[in-house]
Amino acid sequence: MQPDYDDCWLRYREVRDEALRASYRRLCSHAYVSEQSRELGAVREELRRGLGGLLGRDPHLWQHPPRTTDGFLAVGTPADMDVVAQCVDEERVADLAEGGYVITTGEWEGTDVLVVSASSDSGLVYGTFHLLRLLSNHEPIEDVHVVEEPASPDRLINHWDNPFRGSVERGYAGQSVFDFETLPDLRERYRDYARLLASVGINGIVLNNVNTQIPGRDSANEAMDVLEGWRLLETRYLEKLTGLASLLRRYGTTTYLSVNFGAPEKIGGLDTSDPNDPEVAQWWAEKADEIYDLIPDFGGFLVKADSEGQPGPYNYDADHVDGANVLAEALEPHGGRVWWRAFVYGSHKDRAVQQYDTFEPLDGEFRDNVTIQVKNGPIDFQPREPVSPVFGQMPETELGLELQITGEYTGQHVHACYHVPMWKEVLEFDTDPEGHGTKVKDLFTDEGTGMAGVGGPGEDRSWTGHYLAQANLYGYGRLAWDPDLETEAITDEWVRQTFGHDPDVVETVTDIMHDTWPAVIDYSTGGIGLMHMMYNGEAYLENHYDPGPEEWPGYTGATEDGIGKDRNSEGNGYAQQYPDALADLYDDPESCPKELLLFFHHLPWDYELSDGRTVVQTLYDNCHAGVEEARRLREEWRTLEGEIDEERYRHVAERFDEQVEHAGIWRDRLTDFFYDYSGIADEKGRVPRED
Ligand code: GCW
1 MQPDYDDCWL RYREVRDEAL RASYRRLCSH AYVSEQSREL GAVREELRRG
51 LGGLLGRDPH LWQHPPRTTD GFLAVGTPAD MDVVAQCVDE ERVADLAEGG
101 YVITTGEWEG TDVLVVSASS DSGLVYGTFH LLRLLSNHEP IEDVHVVEEP
151 ASPDRLINHW DNPFRGSVER GYAGQSVFDF ETLPDLRERY RDYARLLASV
201 GINGIVLNNV NTQIPGRDSA NEAMDVLEGW RLLETRYLEK LTGLASLLRR
251 YGTTTYLSVN FGAPEKIGGL DTSDPNDPEV AQWWAEKADE IYDLIPDFGG
301 FLVKADSEGQ PGPYNYDADH VDGANVLAEA LEPHGGRVWW RAFVYGSHKD
351 RAVQQYDTFE PLDGEFRDNV TIQVKNGPID FQPREPVSPV FGQMPETELG
401 LELQITGEYT GQHVHACYHV PMWKEVLEFD TDPEGHGTKV KDLFTDEGTG
451 MAGVGGPGED RSWTGHYLAQ ANLYGYGRLA WDPDLETEAI TDEWVRQTFG
501 HDPDVVETVT DIMHDTWPAV IDYSTGGIGL MHMMYNGEAY LENHYDPGPE
551 EWPGYTGATE DGIGKDRNSE GNGYAQQYPD ALADLYDDPE SCPKELLLFF
601 HHLPWDYELS DGRTVVQTLY DNCHAGVEEA RRLREEWRTL EGEIDEERYR
651 HVAERFDEQV EHAGIWRDRL TDFFYDYSGI ADEKGRVPRE D
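The UniProt record's numbering applies: residue 1 is where the sequence shown begins, and numbers increase by one.
What follows is the structure in structure tokens.
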């Protein structure tokens with residue numbers, strides 16, 4: 001039976017080009033796959049499914065080298081299979097980083113062999129997906145020679161799923177994929193999710209929300225309390241996770257949990273969770289032992305502490321080092337790791353200043369198995385932010401880069417917004433241009449470092465709520481694997497696998513994808529460094545979708561005289577947190593990159609930019625341009641009618657209708673807001689508006 005959800009980029013449609021298909025059939029109709037490890041069931045299943053689709057007929061799977069063919073595929077380690085050992089450089093394979101693999105061609109007793117080899121099961125899984133991607137992308141395989149290993153050792157997806165409610169915080173694709181009610185029962189969908197993750201190299205999954213208690217309502221409402229994520233550490237719930245963890249493991253994915261810093265009190269019945277209390281340390285150590293008895297390859301804990309209502313070391317007069325280290329000590333004997341989030345609040349009114357100020361002084365004090373997980377920018381996943389000054393400035397600490405796959409501030413999967421170009425901008429950023437010159441992407445290659453993408457996939461048919469948002473999940477995985485990949489290469493892979501190879505379709509979809517992010521920046525920020533102007537609301541799960549610029553004077557800095565925030569040497573000194581070359585660049589409005597100008601400077605409304613336009617006129621123009629661009633993208637999309645499958649076409653077309661409308665609402669609210677403060681009319685007569 002066809003599942004009731006999409007297969008995303010794993011569509012495996014039959015290759016129509018006859019010469020190419022003949023070549024694929026010759027080398028892939030017969031596949032010899034190692035029997036040694038049970039984990040390789042995943043490889044066999046994927047080959048059956050993938051090759052079956054692409055070749056247009058079921059492949060023969062062998063447990064020994066097939067004899068009567070004029071070519072075959074062999075997947076295994078050199079140690080397990082002579083065929084493989086004969087075709088690959090064994091030492092090269094042995095030296096690959098965990099998860100790495102080789103795809104190459106060779107000969108076995110006069111027969112051509114296509115080989116996928118690795119020294120670990122996960123490498124064979126990734127190699128198999130890579131091979132299927134080559135075929136899906138119609139790449140030649142007769143002379144293929146691929147050597148791949150992941151840049152980052154840990155490539156995590158963080159689910160913000162609330163296990164007992166089934167909801168997903170900032171998820172725009174329906175309920176949680178994971179049904180904690182029915183676990184340990186396994187759903188087919190878990191396996192298909194594991195396949196999607198493995199196909200792009202994601203190797204760790206945090207199953208539950210970093211908000212393990214609901215801010216402000218925790219003990220006040222016992223009924224709510226019972227439902228909270230911190231309970232997952234109770235034995236009865238841990239026991240439910242073993243089967244899921246085992247299934248994920250077959251696809252190379254390790255299971256992690258978000259934990260509540262107050263767990264020793266909440267679950268353990270202790271009267272404190274003070275990290276410096278030996279009983280607390282003991283409790284965490286025993287809890288870790290228990291978890292590893294159940295899930296031997298458990299990855300570790302993700303912690304949001306001292307932030308937005310979550311308890312943390314500050315509650316006990318301790319600091320983040322004490323907090324992270326006590327958990328790390330408990331996990332250490334088992335090889336587990338603590339991912340400690342840098343998204344904390346503290347004494348500063350401007351959140352931008354907080355993280356560097358809190359964490360940089362602690363550099364070198366965290367245990368080796370602590371990773372400090374830092375959001376890409378200092379605020380909070382805004383459409384565009386400067387790169388966090390923490391990067392490159394904590395050389396003695398393992399860092400993780402947190403990116404948001406889900407589109408909390410980029411249209412919440414009603415708007416199309418492709419995040420890969422934004423992430424590339426972050427990854428290619430030089431954290432100290434006149435100093436050590438380390439780019440962000442170079443910071444995550446050592447043991448203990450890595451990337452964390454805040455998830456979003458849910459029960460929706462499309463998995464991501466918007467068919468085009470699948471590209472963000474895809475792109476995140478590909479970049480975590482290889483941050484050197486160019487945006488265009490990732491887009492091209494994704495478009496072809498998802499929409500097929502018709503050149504017009506490929507070009508149209510690709511162009512649309514690449515133009516989405518700039519459009520969103522323009523209509524929802526004005527494009528010169530403003531941000532955080534969304535409607536918040538009173539409720540716990542604020543809206544963050546509609547505009548609400550007047551709610552945030554501390555972020556916009558809007559006054560009658562001007563707009564923007566002095567995060568410079570005359571203001572709160574945020575710019576000075578960067579190494580000198582960057583600090584100087586940002587400190588002077590003349591040299592500050594235009595796209596960040598108002599983030600660093602409060603400037604008069606009529607301040608003239610290099611192109612001769614004033615600040616306020618630029619804001620008006622950009623807000624309008626963003627909407628026009630969204631409209632143009634919708635028109636582009638409409639040209640695809642009849643050219644792609646109806647379901648994807650319709651869904652995205654409707655979303656574009658809504659996006660254009662909603663972009664207009666943003667434009668109007670922002671431009672009204674700018675006019676209300678500045679009193680300066682738009683030269684082009686669009687503001688003030690008639691109504
Ligand atoms: O972006 C903000 C979100 C919260 C989130 C928080 C965080 C999980 O609005 O929903 O909480 O950041 O990153 O911890």
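Each residue gets a CB set at the ideal place from its N, CA and C atoms; glycine is no exception.
- Between R648 and T491, the alpha-carbon positions lie close to 17 Å from each other.
- In the structure shown, A74 adopts extended strand secondary structure according to DSSP, grouped into three states.
- The DSSP assignment places 30-33, 60-62, 72-76, 101-108, 111-117 as complete runs of the beta strand (DSSP E) inside the UniProt domain "Alpha glucuronidase N-terminal" (8-131), in order along the chain (cut-off: 3 residues).
- Under the Cβ criterion (8 Å, minimum of three pairs), the segment 132-139 does not count as touching the segment 171-185.
- Note that the segment 391-399 does not touch the segment 625-643; fewer than 3 beta-carbon pairs, one per stretch, sit closer than 8 Å.
- Three or more beta-carbon pairs separated by less than 8 Å are not found between the segment 612-628 and the segment 478-497, which leaves the two stretches without contact.
- Contact between the segment 279-299 and the segment 235-247 is present: 3 or more CB-CB pairs across the two stretches fall below 8 Å.
- V426 is not a Cβ neighbour of Y172, given a cutoff of 9 Å.
- In the three-state scheme derived from DSSP, where H, G and I count as helix and E and B as strand, R341 is classed as strand.
- Annotation: the continuous alpha helix (DSSP H) that includes Y675 extends over 646-678.
- Distance between C623 and F673, taken at the CA atoms: about 12 Å.
- In the assembly as shown, A263 is a buried residue. Its beta-carbon has 16 or more other beta-carbons within 10 Å.
- Secondary structure at Y256: strand, using DSSP grouped into helix, strand and coil.
- For L270, DSSP assigns no beta-bridge partner whatsoever.
- Contact between the segment 61-78 and the segment 18-36 is present: three or more C-beta pairs spanning the two stretches fall below 8 Å.
- Beta-bridge partners assigned by DSSP to L401: V374, M451.
- Distance from D350 to Y574 at the Cβ level is roughly 7 Å; contact confirmed, criterion being Cβ atoms closer than 8 Å.
- N162 has its Cβ no nearer than 8 Å to any heavy atom of ligand 1.
- Residue range 597-600 is occupied by the alpha helix (DSSP H) that includes F599.
- Judged by DSSP in its simplified three-state form, H415 adopts coil rather than helix or strand.
- Here the segment 52-66 does not lie against the segment 89-100, with fewer than 3 beta-carbon pairs under 8 Å apart.
- P278 counts as exposed, since fewer than 16 other beta carbons sit within 10 angstroms of its beta carbon.
- With a contact defined as Cβ atoms closer than 8 Å, G229 and E459 miss out at about 18 Å.
- Scanning Y292, V280, D274 for the CA closest to the CA of L257 turns up Y292.
- Around the beta carbon of A245, a 10 Å sphere encloses 16 or more other beta carbons of the protein chains shown; the residue is thus reported as buried.
- DSSP, read as helix, strand or coil, puts G437 in coil.
- Here DSSP, grouped into helix, strand and coil, assigns F359 to helix.
- Given a length threshold of 4 residues, each whole run of the alpha helix (DSSP H) inside the segment 457-511 is given here in chain order: 470-481, 487-499.
- Taking a cut-off of 8 Å on C-beta distances, the segment 642-658 touches the segment 498-512, as three or more cross pairs fall below it.
- The residue among Y555, E628, C8 with its C-alpha nearest the C-alpha of V200 is C8.
- Residue burial is scored here from C-beta neighbours: D4 has fewer than 16 other C-beta atoms within 10 angstroms and is therefore classed as exposed.
- A distance criterion of 8 Å places the beta-carbon of N209 in contact range of ligand 1, judged by its closest non-hydrogen atom.
- For R351, the Cβ stays outside the 8 Å cut-off from all heavy atoms of ligand 1.
- If the five residues before and after D368 are omitted, its C-beta is found closer than 7 Å to the C-beta atoms of G448, all from its own chain and listed in chain order.
- Proximity to R249 across V43, E434, I267, W494 peaks at V43, based on C-alpha coordinates.
- Cα atoms of I267 and G346: separation of roughly 27 Å, rounded to the nearest angstrom.
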